[in-house]
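Notes for the one structure printed next.
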DNA sequence: CGCGATTTGTGCACCTGTTCACAAGCGCTT
DNA sequence: AAGCGCTTGTGAACAGGTGCACAAATCGCG
């Protein structure tokens with residue numbers, strides 16, 4: 001159970017990137033077709049690899065990397081096999097070129113400029129989050145609708161009014177935006193962002209955005225995550241109660257106290 | 266493409282809750298076996314239903330609710346059918362009892378106490394996040410390892426030292442914790458939480474936690490989300506470039522400018 | 001009271017993704 | 001130079017989830 005479930009729902013099917021058969025242009029396998037599920041795991045592999053590199057490793061086996069990334073080794077090998085062959089049988093994977101390949105695939109060789117809209121409670125924290133900077137992104141602009149917030153400096157960047165979105169998105173060549181506005185404003189702001197040229201949005205507002213097909217949207221809803229955990233809590237206690245009842249009636253083997261953990265294990 | 270992908274990876278398979286065959290105890294269908302994918306969508310349905318209720322609706326069709334929740338109607342009907350029958354053919358679903366049923370399943374009838382560990386940049390924002398309170402949770406305790414932070418009041422709650430975790434988790438009957446510590450501290454803190462009795466953890470630290478089977482862990486990594494979007498950006502531009510090249514060579518139909526959007530649509 | 005319009009609930013086929021298990025390949029040792 | 005142990009890469013079976021398409025059920029209206 002404590003297998004780690006990480007962001008990103010499958011839900012949408014199909015390979016990603018399969019648009020032009022390479023036969024048409026005879027291109028080298030520069031951009032392989034990756035299953036969506038694999039794409040979602042690559043960042044986790046990348047993080048684990050960086051950690052291994054920092055702790056002095058040059059190579060790592062699929063078993064070792066799988067452990068560090070919280071997946072099983074077969075899955076890991078299949079995922080990496082999609083990127084081409086970066087392993088040596090009998091030895092393992094060379095960390096350095098593998099890191100390079102994954103970063104290339106993820107488009108992280110160049111640092112990407114990101115806009116953040118909504119400098120409220122959450123947005124403020126995101127603006128200061130060091131993890132963005134250290135993992136390939138640069139917060140290039142902050143926006144808010146509230147005029148009293150405009151001008152405020154956060155981490156050295158001034159908050160601008162959302163009216164400036166078109167101008168700034170163009171001048172900074174921003175294609176990714178983080179949306180941390182209140183729910184009510186999210187759709188309108190998203191429309192403005194898309195109109196300005198943004199093609200990927202990370203949405204923290206608890207609303208379903210309605211946007212053109214070609215725009216990628218990922219949603220993170222903190223309350224939803226807790227509610228899913230709540231379900232599992234409810235389930236555990238319900239099952240525990242039922243089992244206890246069953247025990248009390250049938251009363252065969254094992255101590256009622258241990259049942260919950262035992263069953264799950 | 267702009268279909269909304271929401272947290273929560275499948276990855277782990279199997280029904281949830283299938284532990285005791287109800288034959289053993291002849292229990293009413295109080296706690297149905299739900300596919301994990303369905304569980305992950307229920308919170309979204311719940312949010313949409315609340316919104317509909319607030320805007321004066323009594324009933325809603327599967328089509329309408331599916332639209333509001335960002336899924337297709339067949340999937341929605343199948344999901345709801347797992348909860349038992351709350352719809353009327355020819356009419357739709359009665360919102361009120363449906364809300365009640367989903368809240369019951371998710372264990373949201375009673376407000377759940379949550380502990381938050383790590384009152385740094387992100388933790389501070391989470392502590393003040395209104396969405397938790399409004400959607401079934403109560404932040405019952407704040408913890409930090411930094412003694413200079415201990416005692417600070419956030420939203421009316423005092424930050425306590427992590428050494429107090431065992432005591433407070435027991436006295437407040439906390440089973441869910443939010444982990445917003447630096448990566449280096451996360452595993453140790455998680456161990457302490459579990460030892461104190463916590464059985465579900467929402468982990469914001471970019472590390473894979475190693476915990477007993479019976480503990481549920483969900484992971485949210487903001488940088489990972491951006492990296493996935495980055496992949497799609499990279500893919501879009503790579504495909505765009507290839508298409509442009511192909512166009513320039515073969516030069517058959519359509520304007521090169523429109524291709525990207527056209528293909529995706 | 002019966003008929004038609006509407007919408008749910010679901011059997012079924014399809015498809016993505018996971019896992020097992022093993023052959024192929026590599027390096028080290030003798 | 002040959003053999004041995006180790007690890008990758010992958011074919012094949014399996015599991016879970018999705019979406020179509022339709023039968024069953026309900027309501028409203030004539």
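Protein chains in written order, with this note's numbering: chain A, 1 to 265; chain B, 266 to 530. Every residue gets a Cβ at the ideal spot worked out from N, C-alpha and C, and that includes glycine. Source: prediction; values computed, not measured.
Identity of the residues DSSP links to residue i by a beta bridge
i: residue 78/A; result: Beta-bridge pairing links residue 78/A to no other residue.
i: residue 358/B; result: 325/B, 352/B
i: residue 143/A; result: 117/A, 160/A
i: residue 377/B; result: 402/B
i: residue 176/A; result: 114/A, 200/A
i: residue 418/B; result: 423/B
Distance between residue j and residue i (C-alpha atoms, nearest Å)
i: residue 503/B; j: residue 493/B; result: 15 angstroms
i: residue 360/B; j: residue 184/A; result: 22 angstroms
i: residue 81/A; j: residue 64/A; result: 16 angstroms
i: residue 426/B; j: residue 384/B; result: 11 angstroms
i: residue 205/A; j: residue 487/B; result: 14 angstroms
i: residue 505/B; j: residue 31/A; result: 12 angstroms
i: residue 245/A; j: residue 372/B; result: 20 angstroms
i: residue 111/A; j: residue 200/A; result: 15 angstroms
i: residue 248/A; j: residue 374/B; result: 27 angstroms
i: residue 415/B; j: residue 423/B; result: 7 angstroms
i: residue 440/B; j: residue 224/A; result: 17 angstroms
i: residue 75/A; j: residue 68/A; result: 13 angstroms
i: residue 445/B; j: residue 303/B; result: 27 angstroms
i: residue 85/A; j: residue 100/A; result: 13 angstroms
i: residue 216/A; j: residue 499/B; result: 12 angstroms
i: residue 399/B; j: residue 77/A; result: 43 angstroms
i: residue 178/A; j: residue 105/A; result: 21 angstroms
i: residue 429/B; j: residue 406/B; result: 10 angstroms
i: residue 318/B; j: residue 378/B; result: 26 angstroms
i: residue 138/A; j: residue 312/B; result: 32 angstroms
i: residue 390/B; j: residue 474/B; result: 23 angstroms
i: residue 51/A; j: residue 472/B; result: 10 angstroms
i: residue 447/B; j: residue 321/B; result: 44 angstroms
i: residue 36/A; j: residue 131/A; result: 23 angstroms
i: residue 89/A; j: residue 354/B; result: 59 angstroms
i: residue 344/B; j: residue 243/A; result: 27 angstroms
i: residue 410/B; j: residue 417/B; result: 13 angstroms
Residue i CB to nearest heavy atom of the ligand MN below 7 angstroms
i: residue 351/B; result: In terms of ligand content, the structure shown is empty, and the ligand MN therefore cannot be addressed.
Nearest-angstrom beta carbon gap, residue j and residue i [assumed within contact, 8 angstroms]
i: residue 357/B; j: residue 338/B; result: Actually they are not in contact, since the Cβ atoms of residue 357/B and residue 338/B sit about 11 angstroms apart, beyond 8 angstroms.
i: residue 363/B; j: residue 314/B; result: 6 angstroms
i: residue 434/B; j: residue 462/B; result: 5 angstroms
i: residue 226/A; j: residue 467/B; result: 6 angstroms
i: residue 485/B; j: residue 117/A; result: At roughly 20 angstroms, the Cβ-Cβ gap does not stay under 8 angstroms, so residue 485/B and residue 117/A are not in contact.
Pick from the options that is closest to residue i, judged by C-alpha positions
i: residue 87/A; options: 106/A, 71/A, 142/A, 58/A; result: 58/A
i: residue 42/A; options: 429/B, 511/B, 497/B; result: 497/B
i: residue 298/B; options: 157/A, 236/A, 245/A; result: 236/A
i: residue 455/B; options: 408/B, 311/B, 310/B, 370/B; result: 408/B
i: residue 71/A; options: 104/A, 40/A, 159/A; result: 40/A
i: residue 115/A; options: 66/A, 172/A, 217/A; result: 172/A
i: residue 44/A; options: 56/A, 89/A, 103/A; result: 103/A
i: residue 477/B; options: 403/B, 495/B, 452/B, 485/B; result: 452/B
i: residue 136/A; options: 495/B, 300/B, 442/B, 301/B; result: 495/B
i: residue 214/A; options: 226/A, 220/A, 195/A; result: 195/A
i: residue 156/A; options: 117/A, 128/A, 89/A; result: 128/A
i: residue 419/B; options: 166/A, 121/A, 146/A, 167/A; result: 121/A
What residues in the region 471-488 of chain B have a beta carbon less than 9 angstroms from any beta carbon of chain A? When CB distances to chain A are screened at a threshold of 9 angstroms, the residues of the region 471-488 of chain B falling below it are 471, 472, 473, 474, 475, 476, 477, 478, 479, 480, 481, 482, 483, 484, 485, 486, 487, 488, in chain order.
Taking any Cβ of chain A, which residues in the region 430-441 of chain B have a Cβ under 9 angstroms from it, in chain order? Cβ contacts with chain A: 440, 441.
Quick one: which residues of the region 39-54 of chain A get their C-beta closer than 8 angstroms to a C-beta of chain B? List them in chain order. Hits within the stretch, in order: 39, 40, 42, 43, 44, 46, 47, 48.
Going along the region 237-250 of chain A in order, which residues come within less than 9 angstroms of chain B, judged by CB to CB distance? Cβ contacts with chain B come from 237, 238, 239, 242, 243, 245, 246, 249, 250.
Report the residues of the region 84-105 of chain A with a CB closer than 9 angstroms to any CB of chain B, ordered along the chain. So the close ones are 104, 105.
If contact means a Cβ-Cβ distance below 9 angstroms, which residues of the region 135-154 of chain A contact chain B? Within the region 135-154 of chain A, the qualifying residues are 135, 136, 137.
Interface positions of the region 318-337 of chain B facing chain A (Cβ-Cβ less than 9 angstroms), listed along the chain: Cβ proximity to chain A below 9 angstroms picks out 332, 333, 334, 335, 336 from the region 318-337 of chain B.
Could you list the residues in the region 452-473 of chain B with a C-beta less than 7 angstroms from some C-beta on chain A, going in chain order? Using a CB distance below 7 angstroms, the part of the region 452-473 of chain B facing chain A consists of 464, 465, 467, 471, 473, ordered along the chain.
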